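In my numbering, the protein residues as written are 12 to 424. All C-beta atoms, glycine included, are put in the ideal place defined by N, C-alpha and C. Bear in mind that the values here come from a model prediction, so they are computed numbers and not experimental data. First comes the structure, then the notes that go with it.
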DNA sequence: CCTCCACAGGAAGCGCAGGAGT
DNA sequence: ACTCCTGCGCTTCCTGTGGAGG
């Protein structure tokens with residue numbers, strides 16, 4: 012009991028954190044360092060909405076963790092505040108298309124924002140669109156729709172919806188609709204229908220990556236709000252910045268490192284956050300990411316991932332699609348599940364690659380054919396862990412454990 | 001220079017579950 | 001009760017391809 016009390020006690024009276032939330036990924040700070048130009052451009056573009064005019068459609072590019080979303084949300088928040096005090100009708104809809112990854116769900120979010128009730132399935136996308144237009148027509152004002160990570164939608168479902176939204180503006184008059192598309196893939200724009208491309212890209216804005224120095228500024232600023240004074244040893248912030256700068260200047264990653272390092276220090280009962288905590292944080296973040304991804308994988312994706320783990324010896328060497336398929340069939344024969352076709356296995360390998368959990372690159376071996384060379388991009392332990400959670404997959408978890416973890420001399424936990 | 005391997009990956013469509021509308 | 005819609009995981013059938021070996 013005393014142990015539990017201790018845990019609760021440290022949680023309430025943190026020795027490390029003053030305000031941990033300031034480091035969470037969805038926290039939007041009042042000011043964004045080193046993004047003045049971008050914020051100015053955004054504000055200038057959107058300001059006309061305060062006069063009841065339609066802002067130009069806007070396209071925002073930039074790699075992950077460069078502040079695109081934060082800057083957009085920040086400016087929109089202020090814009091909404093201003094609109095309220097001026098009594099201007101303004102609707103802002105923010106949709107992260109990665110999480111709402113079908114045209115239907117995106118359209119549902121947009122329609123719901125003007126008060127249309129939409130069931131989560133059952134209607135056609137066109138019907139939802141029609142209801143939205145019907146409702147919007149009898150409203151007055153400006154709507155700004157933000158489609159974050161828009162490339163996911165287009166890659167999976169084409170640009171039909173974008174085309175419709177771009178044109179919706181004509182149908183909903185006097186209600187005005189302005190679109191902001193956010194993407195981290197620059198090449199993505201080229202795949203768009205030219206009509207969509209030109210109207211969506213009325214204005215463009217590029218967010219360049221932070222360099223290590225800028226990351227340091229950001230971390231220092233945020234750390235002073237989030238941590239108690241004096242708990243960070245002086246190498247921590249430069250280290251987090253350097254690690255994140257190496258990964259194309261991703262500020263979100265840097266903040267994650269800092270927060271998790273603090274959490275680890277707190278769990279261990281240390282009073283000072285050091286280099287060791289940062290290094291441990293790095294491993295923990297990666298592990299959690301993989302666990303989360305693997306857990307939500309459909310059955311056969313899990314099995315194929317297991318097959319990759321086995322056929323690459325836990326990541327010590329690489330395998331080809333054909334080899335993975337053979338191992339997969341072998342594994343599946345032991346648990347009495349019906350197997351999927353080669354084509355599907357190939358498709359799933361592509362999906363796992365996109366998730367960053369394996370690495371696959373296509374090569375040609377000349378006479379010996381063209382194939383993908385597949386690597387595990389993570390350590391195999393989290394995979395075994397997830398397989399163990401599923402009773403029917405125990406045999407496979409065991410095989411994996413023996414073939415990989417056993418050979419490494421590691422013990423099972 | 002051409003062949004031909006071992007796949008890559010596009011296209012179409014199927015069966016199912018969940019739900020709307022009538 | 002019935003039809004129609006969607007997303008999802010999947011199959012079937014298909015065309016495309018880099019380069020080692022003949």
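Practice problem: Could you pull the start and end residues of the alpha helix (DSSP H) that residue 190 belongs to? | Solution: Note, residue 190: premise wrong, no alpha helix (DSSP H); beta strand (DSSP E) at 187-194.
Practice problem: Could you pull out every unbroken beta strand (DSSP E) segment of at least 3 residues lying fully inside the region 87-145, listed in chain order? | Solution: 101-107
Quiz prompt | Beta carbon of residue 230 nearer than 7 Å to that of residue 265 | solution = yes
Self-check item: Limits of the alpha helix (DSSP H) - the one that residue 344 falls within
Solution: 332-344
Self-check item: C-beta atoms of residue 173 and residue 207 nearer than 7 Å
Solution: yes
Exercise. Look up residue 375 in the DSSP assignment and say whether it is helix, strand or coil.
Key: strand
Self-check item: For residue 267, the first and last residue of its enclosing alpha helix (DSSP H)
Solution: 262-279
Quiz item: So residue 410 is in the alpha helix (DSSP H); what residue range does that whole segment cover?
Solution: 405-411
Quiz item: Which of the three DSSP states, helix, strand or coil, is assigned to residue 30?
Solution: coil
Exercise. With DSSP as the reference, label residue 419 as helix, strand or coil.
Key: Bear in mind that the predicted position of residue 419 carries a pLDDT of just 48, short of 50, making it unreliable; the figure below should be weighed with that in mind. Three-state DSSP puts residue 419 in coil, outside helix and strand.
Quiz item: Beta-carbon separation of residue 329 and residue 384 under 7 Å?
Solution: yes
Quiz prompt | Beta-carbon proximity check, residue 74 vs residue 222, cutoff 7 Å | solution = no
Quiz item: Assuming residue 142 and residue 119 make a contact with CB atoms under 8 Å, what is their CB distance in whole Å?
Solution: Wrong, their Cβ atoms sit about 10 Å apart, outside the cutoff.
Self-check item: CA-to-CA distance, residue 393 to residue 419, given in whole angstroms
Solution: Because the pLDDT of residue 419 is 48, which lies under 50, any placement of that residue in the model is unreliable, and the number read from its coordinates should be weighed accordingly. Each residue's Cα considered, the two are about 15 Å apart.
Self-check item: contact_flag[the region 28-46, the region 83-91] where n(CB pairs < 8 Å) is 3 or more
Solution: yes
Quiz item: Between residue 296 and residue 267, is the Cβ-Cβ spacing less than 7 Å?
Solution: yes
Quiz prompt | Any 3 or more C-beta pairs closer than 8 Å across the region 340-351 and the region 403-416 | solution = yes
Quiz item: Can you name the residues that DSSP bridges to residue 159?
Solution: 107
Quiz item: Between the region 186-195 and the region 65-73, do at least 3 Cβ pairs fall closer than 8 Å?
Solution: yes
Quiz item: Using CA coordinates, which residue listed in 49, 33 and 16 is at the minimum distance from residue 235?
Solution: 33
Quiz prompt | Secondary structure of residue 17, DSSP reduced to three states | solution = helix
Quiz prompt | Cβ neighbour criterion (16 or more within 10 Å) applied to residue 422 | solution = Here residue 422 scores only 42 on pLDDT, less than 50, and its place in the model is too uncertain to base an answer on.
Quiz item: When you compare only the Cα positions, how much space is there between residue 105 and residue 367?
Solution: 26 Å
Quiz item: Terminal residues of the continuous alpha helix (DSSP H) containing residue 361?
Solution: 353-365
Self-check item: CB-CB length for residue 387 against residue 319, believed under 8 Å
Solution: 6 Å
Quiz item: With distances taken between CB atoms, is the gap from residue 153 to residue 60 smaller than 7 Å?
Solution: yes
Quiz item: Residues bridged to residue 303 by DSSP?
Solution: The partner list for residue 303 (beta bridge, DSSP) is empty, contrary to what the question assumes.
Self-check item: Touch test, the region 274-291 against the region 349-363, Cβ-Cβ under 8 Å, three pairs minimum
Solution: no
Quiz item: In terms of DSSP beta bridges, what is residue 383 paired with?
Solution: 373
Quiz item: Looking only at C-alpha atoms, which of 78, 240 and 209 sits nearest to residue 220?
Solution: 78
Quiz item: Which stretch, first to last residue, makes up the alpha helix (DSSP H) that contains residue 368?
Solution: Run containing residue 368: none; DSSP gives neither H nor E here.
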